[in-house]
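Each residue of the sequence shown is one higher than the one before, starting from 48 at the first, in this note's numbering.
Accompanying notes for the structure given below.
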Amino acid sequence: MRKQDAIHALGRLLTLYWPLTDEVGLGNLLRPYLPDKPAWTEEEITAALARLLADVVAEGWDRHGAPSVARHPTEGFVASFEGPGDPYTVEASSKREAYREARREWVYRLLTRS
């Protein structure tokens, strides 16, 4: 995927699925992260999207805590988190895979339910 395609896909994700974009618009969400000038380069837009998403994850981490993982009493591992949304638990054969699946769902929920 080209960088331009990724920027477009992220912009589309934000404008279609992130609830805040309906109220304030993508431009208003990115404006605090962009230089104060009439037009921006692809690199500036990429950096702005990255900073915006990093702030969403950091805020979610502060508000909800990150997923955690523990050994399952019988076998494998279980990872879980309490929010956003309903509590979530996933079991996997490895610690890494359990944590990865929980993180994936946690970030997805942060971006679609914040």
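The beta carbon of each residue, even a glycine, is placed where N, CA and C say it ideally should be.
Nearest neighbour of residue i, chosen from the options [CA to CA]
i: ALA149; options: GLY132, ARG160, ALA126; result: ALA126
i: LEU57; options: ALA94, GLU122, ALA105; result: ALA94
i: ALA53; options: GLU89, TYR155, GLY132; result: GLU89
i: ARG160; options: PRO131, ARG151, ARG147; result: PRO131
i: LEU158; options: VAL103, PHE128, ARG143, TRP108; result: VAL103
Segment limits, beta strand (DSSP E) that includes residue i
i: THR136; result: 135-139
i: ALA86; result: Premise fails: ALA86 is in no beta strand (DSSP E) and is neither H nor E.
Residue i in three-state terms, based on DSSP
i: ALA113; result: coil
Residue burial classification, residue i (beta-carbon count within 10 angstroms, cutoff 16)
i: TRP153; result: buried
i: PRO114; result: buried
i: ALA101; result: exposed
i: ALA145; result: buried
i: GLY112; result: exposed
Element boundaries [alpha helix (DSSP H), containing residue i]
i: GLU129; result: Element bounds for GLU129: n/a, residue is neither H nor E.
i: LEU158; result: 142-160
Straight-line Cα distance separating residue j from residue i
i: ALA97; j: VAL116; result: 27 Å
i: SER140; j: PRO134; result: 21 Å
i: ARG118; j: PHE124; result: 4 Å
i: THR121; j: GLU138; result: 11 Å
i: ALA84; j: ALA105; result: The sequence given here has Lys at residue 84, not Ala. Taking the straight line from one Cα to the other gives about 27 Å.
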